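> Quick one: the structure is below, questions incoming.
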Amino acid sequence: MALDEPNEEDTVFTEKEFTFAINSALLAQTGAIKIDLSYMGFTVESANALSGGGSSCGGCSSAGSCS
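Numbering (UniProt numbering), first residue to last: 1 to 67.
Here it is, written out as structure tokens:
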């Protein structure tokens, strides 16, 4: 997630006072997206699991750091 202005390739959603923009092609791959707040920060979940990831981390421990 990053702060950015929507562009012509994005789908835009507004929920209460927040506006979210996501690349339309990525949204087609992920399906519905849920953004929530936990005691450790925010979480982002998608209806469809995506292969690969943004890091080489194999997993995270209960302390929230990658193992």
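Glycine included, every Cβ here is placed at the ideal spot set by N, Cα and C.
Quantities reported herein were computed from a predicted structural model and do not represent experimental measurements.
1. Give the straight-line distance between the Cα atoms of N48 and L27, rounded to the nearest whole angstrom.
2. Less than 8 Å between the beta carbons of I22 and D4, yes or no?
3. As a quick exercise: from S51, M1 and S38, pick the residue whose alpha carbon is nearest that of F20.
4. Per DSSP, K34 is paired with what?
The answer reads as follows:
1. By one-based count along the sequence shown, residue 48 stands at place 48. By one-based count along the sequence shown, residue 27 stands at place 27. Looking at the two C-alpha atoms, the distance is approximately 10 Å.
2. Reading the sequence shown from its first residue, position 22 is the one you call residue 22. Reading the sequence shown from its first residue, position 4 is the one you call residue 4. The answer is no: Cβ separation not under 8 Å.
3. Residue numbering aside, residue 20 sits at position 20 when the sequence shown is read from its first letter. Out of S51, M1 and S38, M1 has the C-alpha closest to the C-alpha of F20.
4. In the sequence shown, the residue the question calls residue 34 occupies position 34. Answer is E45.
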